[in-house]
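Just below is one structure, and these are the notes that go with it.
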Amino acid sequence: MDAITNLRGLDKIIVPIRLTSSSKIRFQCYPGVPCFKLCCSDLFLPLTPYDIIRIRDRLGLTTDEFLLLYTEPFILPKSGLPIVRLKMREDEEKTCPFLGEGGCTIYEVRPLACRYYPLGFGMFRNRDEGKNEDIYYLVKEGFCQGLDSGEEMTVEEYRISQGIPELEEPIKEWGEIIMRKESFGPMEVPEKSLQLFFMVSSNPERFRAFVFESKFLDMFEVPEETLEEIKKDDLKLLQFGFKWLKTVLFGDKLVKRKKEGPSVKKIKPF
Ligand code: SF4
Ligand code: SF4
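The opening position of the sequence shown corresponds to residue 5 in the working numbering, with each subsequent residue numbered one higher.
Shown next, in the form of structure tokens:
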């Protein structure tokens, strides 16, 4: 174990290699691998809104309890948008709070970022073709013994093997919001907009209360059927929240404003 630990200490250089979904990679990870669990310490591990509800439900906690116990706020460097990340333990290694003797204790609901590793993911806007394109990159860290071993597979095959597409698709609009904000470059963002983004991205219970217990429904027209869905389904609530954020932050007309509403100060778009 020392040799591996030293290797990790000696080689922390990360070499990003850009890939597409059809690029071939070789990677194999299993409990007997000598570096087992070394990748689960000292991480900046961002949580998607879907990660939060899935891990929270698995732990049987309320969102507030989960956020308080296991996360801390984090500002995404390029966009300046606030999200949450997992708070590492305060031990010497700064291990992930979900790392147990036998590996990940929340393996079935592990975060999207853990599923991707050793791949990273991003989106960029192809202005010539007027569409968003997914890009991937390989993160080569010296301690990881799984790289370049096992069967060759495409990036897409790897994503499917990790259950990534079904977790990513429902929150695609959230990724688009971050990417659009990134594309504006550095700029000051109104505090209120940051708060709304953070609420939708991190706390469905608070967003639900905001929809049903504030003047929200006096300001926006929401079909009865949608209201019924978002009352009880957190994922539907998130998806409604992404559309609403696009409406108030970018001026997209995805959630209809009521013509006559209370004179509530308009939220300044980005
Ligand atoms: S959530 Fe699981 S897989 Fe991800 S870093 Fe923590 S222990 Fe490792
Ligand atoms: S092979 Fe890589 S991903 Fe798997 S346990 Fe080792 S360091 Fe972690």
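All C-beta atoms, glycine included, are put in the ideal place defined by N, C-alpha and C.
Could you tell me the alpha carbon to alpha carbon distance between residue i and residue j, rounded to whole angstroms?
i, j, result
"S267", "K219", "Per-residue confidence for S267 stands at a pLDDT of 46, beneath the threshold of 50, marking its modelled position as unreliable; no derived number is given."
"K4", "L142", "Outside the modelled stretch of the chain, which goes from 5 to 274, sits residue 4, for which no answer is possible."
"M203", "E155", "42 Å"
"T52", "I234", "19 Å"
"V215", "K196", "16 Å"
"F211", "P38", "44 Å"
"L11", "F102", "A caution first: L11 carries a pLDDT of 34, below 50, which makes its placement in the model too unreliable to give a value."
"D55", "K262", "33 Å"
"L80", "M157", "31 Å"
"A117", "L231", "31 Å"
"G13", "I168", "With a pLDDT of 37 at G13, under the threshold of 50, the modelled position of that residue is not reliable, and the figure given next carries that caveat. Approximately 30 Å between the Cα atoms of the pair."
"T251", "S187", "17 Å"
"F201", "P86", "7 Å"
"G106", "C44", "12 Å"
"C108", "I57", "18 Å"
"K135", "T24", "15 Å"
"K82", "K185", "9 Å"
"C100", "L47", "8 Å"
"D6", "E192", "Summary for D6: the model assigns pLDDT 32, below 50, so the residue's position carries little reliability; its value from the coordinates is reported in the next sentence. Rounded to the nearest angstrom, the two C-alpha atoms are 46 Å apart."
What residue range is occupied by the uninterrupted alpha helix (DSSP H) comprising residue i?
i, result
"R114", "Taken as a continuous stretch (DSSP letters only), R114 belongs to no alpha helix (DSSP H), as it is neither H nor E."
"R30", "No alpha helix (DSSP H) holds R30; the beta strand (DSSP E) holding it covers K28 to F31."
"G245", "D238 to F254"
"F40", "Premise fails: F40 is in no alpha helix (DSSP H) and is neither H nor E."
"I87", "Per DSSP, I87 belongs to no alpha helix (DSSP H); it is in the beta strand (DSSP E), P86 to L90."
"I182", "K176 to S187"
"K220", "It should be pointed out that residue 220 corresponds to Phe in this sequence rather than to Lys. Residues F220 to M223."
"E105", "Neither: E105 is in no alpha helix (DSSP H) and is coded neither H nor E."
"E172", "P169 to E172"
Drop a sphere of 10 angstroms on the beta-carbon of residue i, count the other beta-carbons inside from all chains shown, and report buried for 16 or more, exposed for fewer.
i, result
"P35", "exposed"
"L73", "exposed"
"R22", "exposed"
"S165", "exposed"
"D68", "exposed"
"R4", "With the chain covering 5 to 274 only, the question about residue 4 has no answer from this structure."
Quick check on the DSSP output: the beta strand (DSSP E) that includes residue i runs from which residue to which?
i, result
"I56", "From DSSP, I56 is part of no beta strand (DSSP E) but of the alpha helix (DSSP H) over P53 to L63."
"S153", "L151 to T158"
"L142", "K135 to K144"
"T66", "Premise fails: T66 is in no beta strand (DSSP E) and is neither H nor E."
"V215", "Segment P208 to E217 is the alpha helix (DSSP H) holding V215; no beta strand (DSSP E) there."
"F78", "T75 to I79"
Return yes when the C-beta of residue i is under 7 Å from any heavy atom of ligand 4, and no when it is not.
i, result
"Q166", "In terms of ligand content, the structure shown lacks ligand 4 and carries ligand 1 and ligand 2 instead."
So, do the stretch 148-157 and the stretch 81-97 have three or more beta carbon pairs nearer to each other than 8 Å?
-> Contact fails: fewer than three Cβ-Cβ distances are below 8 Å.
Counting pairs of beta carbons, one from the stretch 177-186 and one from the stretch 57-70, are three or more of them closer than 8 Å?
-> Because the criterion of three Cβ pairs below 8 Å is not met, the stretch 177-186 and the stretch 57-70 do not touch.
At least 3 beta-carbon pairs within less than 8 Å: the stretch 236-245 vs the stretch 84-91 = No, the stretch 236-245 does not touch the stretch 84-91.
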